Amino acid sequence: MVVKVVRYLGVLGQRSFYYIQTNMPVARRYVMAEMMPPSPGEFGQYVKELGQAVGKASSLSVKNMTFYEALITSCVATEVAMWFFIGEMIGKRSLIGYQVPHTLAEH
Numbered sequence: 127m128v129v130k131v132v133r134y135l136g137v138l139g140q141r142s143f144y145y146i147q148t149n150m151p152v153a154r155r156y157v158m159a160e161m162m163p164p165s166p167g168e169f170g171q172y173v174k175e176l177g178q179a180v181g182k183a184s185s186l187s188v189k190n191m192t193f194y195e196a197l198i199t200s201c202v203a204t205e206v207a208m209w210f211f212i213g214e215m216i217g218k219r220s221l222i223g224y225q226v227p228h229t230l231a232e233h
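With this note's numbering, the residue at position 38 of the sequence shown is 164, and numbering never jumps.
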């Protein structure tokens with residue numbers, strides 16, 4: 127039984143090494159393209175788009191959105207909120223709320 131496990135782990139290690147060796151250049155290319163911080167020109171464009179979005183929300187032009195635009199906007203807002211909540215859970219290291227000392231909870 128132990129011999130089978132050791133052989134399997136050896137084969138698994140060889141396959142993993144082969145997979146990493148063959149796919150790493152592709153993954154690296156995508157990471158370099160997609161994960162780069164925005165350039166100053168792109169940052170200015172983002173600020174402009176954010177200003178337009180705030181202007182739309184404040185002028186109530188949300189009424190004129192198509193269903194598809196509203197759906198995409200709500201999905202993006204939900205994604206941002208979920209990443210915030212997931213970040214809070216990671217920061218707290220717990221799914222339950224912040225740990226409050228008993229001395230403060232009894233007052």
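Here a beta-carbon is modelled for each residue, glycine too, at the ideal position from N, C-alpha and C.
Keep in mind that this is a model prediction, so the values were computed, not measured.
Alpha-carbon spacing of residue i relative to residue j, whole angstroms
i      : j      : result
Gly217 : Ala207 : 15 Å
Met150 : Val131 : 27 Å
Ala196 : Leu221 : 31 Å
Val202 : Tyr134 : 43 Å
Glu205 : Lys182 : 20 Å
Phe146 : Phe193 : Correcting the residue identity first, residue 146 is Ile in this sequence and not Phe. Using only the alpha carbons, I get a separation of about 43 Å.
Met162 : Phe169 : 12 Å
Thr199 : Met191 : 10 Å
Gly167 : Gly213 : 29 Å
Lys189 : Val180 : 14 Å
Thr148 : Val129 : 29 Å
Trp209 : Met127 : 44 Å
Glu175 : Glu160 : 20 Å
Gln140 : Ser184 : 58 Å
Sub-8 Å separation of residue i and residue j beta-carbons
i      : j      : result
Tyr172 : Pro164 : yes
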